[in-house]
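Participant: Heads up: the sequence shown begins at 17 in the numbering used here, then just goes up one per residue. No residue lacks a Cβ here, since even glycine has one placed at the ideal position from N, Cα and C. No experiment lies behind these values; they were computed from the predicted model shown.
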Amino acid sequence: MNLDLLRDLCQTPGVPGREERVRARIEQELEGLFDEVRVDAMGSLICTRRPRAAARGDRPTRVLLPCHMDEIGFYVRHIDDRGFVRVNPAGGFDARNLFARRVIISTQEGDIPAVMNPGGRPIHIASEEDKKKIPEIKEFFLDTGLAAEQVRERVRVGDMVTLDEPFRVMGEKVVSKALDNRIACFLGIEAVRALEASGAAHRCEIVVAFTVQEEVGLRGARTAAFAVDADIA
């Protein structure tokens with residue numbers, strides 16, 4: 017297994033609507049695997065491998081392998097006077113899992129590390145009612161450790177934020193952020209690579225669609241499905 021590729025895919029940030037860095041990393045792996053590679057209007061990467069043997073019937077069976085590139089994350093919505101960053105979610109989160117999370121803010125000037133926590137009373141002075149309360153995403157703030165002026169200079173409303181979690185190999189398993197669904201992107205690449213290496217004369221047309229915005233409503237998958245019009249998916 018090409019763990020270096022899987023690690024790169026998982027560690028590359030790409031929230032819904034901002035998948036361009038993931039797409040660029042995937043494009044580096046495609047040479048010699050597909051006959052046609054195009055980016056659709058949504059930003060999905062549609063890769064077609066034509067049959068290597070004569071089709072049975074009027075046309076080859078078209079097989080679609082959909083793999084979404086985006087991961088759950090956040091967008092910057094506000095920077096307050098003290099330089100703390102507030103965010104909106106892009107995808108579904110359980111807020112109980114977000115306490116003291118390390119995150120990365122991806123800006124035009126580069127990536128900035130930060131720590132995420134909700135505002136509220138610390139545990140040693142919190143009431144029993146406070147301890148039972150589950151904060152909403154809007155109550156969390158990001159602390160970059162930078163002066164407010166530096167934050168306002170470097171961070172913009174709309175910048176994407178992703179979890180900063182390591183890729184770990186644990187026995188025969190791997191643990192990482194964004195395995196949903198970079199693992200499918202990895203498999204889409206490696207399956208066609210294995211097919212190419214085998215020299216198999218397949219009769220079907222294979223389309224691997226690396227799609228966008230799955231985490232906010234299957235948007236790229238819907239448009240790709242209509243465009244490809246596959247027989248099997």
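#1: Note down, one range per segment and in chain order, each alpha helix (DSSP H) of at least 4 residues found wholly within the segment 95-170.
#2: First and last residue of the alpha helix (DSSP H) that includes A225?
#3: Just to confirm my understanding: we take A106, look at its own chain, exclude 5 residues before and 5 after, and list those with CB closer than 7 Å. What are they?
#4: Let me know the alpha helix (DSSP H) ranges lying completely inside the segment 43-84, each 4 residues or longer, listed in chain order.
#5: Quick one: measure Cβ to Cβ for I62 and R75, integer angstroms, because I've assumed they're closer than 8 Å.
#6: Which residues does DSSP list as the beta-bridge partners of I248?
#7: Where does A194 land, buried or exposed, given buried means 16+ other C-beta within 10 angstroms?
#8: Give the DSSP bridge partners of G89, in chain order.
#9: Below 8 Å, can you find three or more Cβ-Cβ pairs linking the segment 170-178 to the segment 120-129?
#10: Tell me the start and end of each unbroken beta strand (DSSP E) in the segment 186-216 that is at least 3 residues and wholly inside, in chain order.
#11: From L25, E47 and L49, pick the residue whose C-alpha is nearest to that of R39; which is it?
#12: On the DSSP letters alone, give me the boundaries of the alpha helix (DSSP H) that L19 sits inside.
#13: Can you give the beta carbon distance from L158 to M132, rounded, assuming they're within the 8 Å contact cut?
#14: With DSSP collapsed to three states, give me the class of R184.
#15: What does the Cβ neighbour count give for G126, buried or exposed, with the cut at 16 atoms within 10 Å?
Facilitator: Judging by the given coordinates:
#1: 144-148 and 164-170
#2: Position 209 of the sequence shown, counted from the start, is the residue given in the question as residue 225. Element bounds for A225: not the alpha helix (DSSP H) but the beta strand (DSSP E), E221 to T227.
#3: Within the sequence shown, numbered from 1, the residue matching residue 106 stands at position 90. Around A106: V31, P32, I88, G89, F90, Y91, E231 and V232.
#4: none
#5: Position 46 of the sequence shown holds residue 62. Position 59 of the sequence shown holds residue 75. With a Cβ gap of about 18 Å, I62 and R75 do not count as contacting.
#6: Sequence index remark: in the sequence shown, residue 248 carries index 232 (1-based). DSSP lists V79 as partners of I248.
#7: For the purposes of this step, residue 194 is taken as residue 178 along the sequence shown, with counting starting at 1. Result: buried.
#8: Taking the sequence shown and counting its residues from 1, the one referred to as residue 89 is at position 73. Answer by DSSP bridge pairing, in chain order: A106.
#9: yes
#10: 189-191
#11: The residue labelled residue 39 in the question sits at position 23 within the sequence shown. Of the listed residues, the one whose Cα sits closest to R39 is L25.
#12: Along the sequence shown, one-based indexing puts residue 19 at 3. Start and end: L19 to Q27.
#13: Here residue 158 refers to the residue found at position 142 of the sequence shown. Here residue 132 refers to the residue found at position 116 of the sequence shown. Rounded, the Cβ-Cβ distance is 5 Å, consistent with contact.
#14: Along the sequence shown, read from residue 1 onward, the residue named residue 184 stands at position 168. Reduced to three states, the DSSP call for R184 is strand.
#15: As a position in the sequence shown, residue 126 is number 110, starting the count at 1. G126 comes out exposed.
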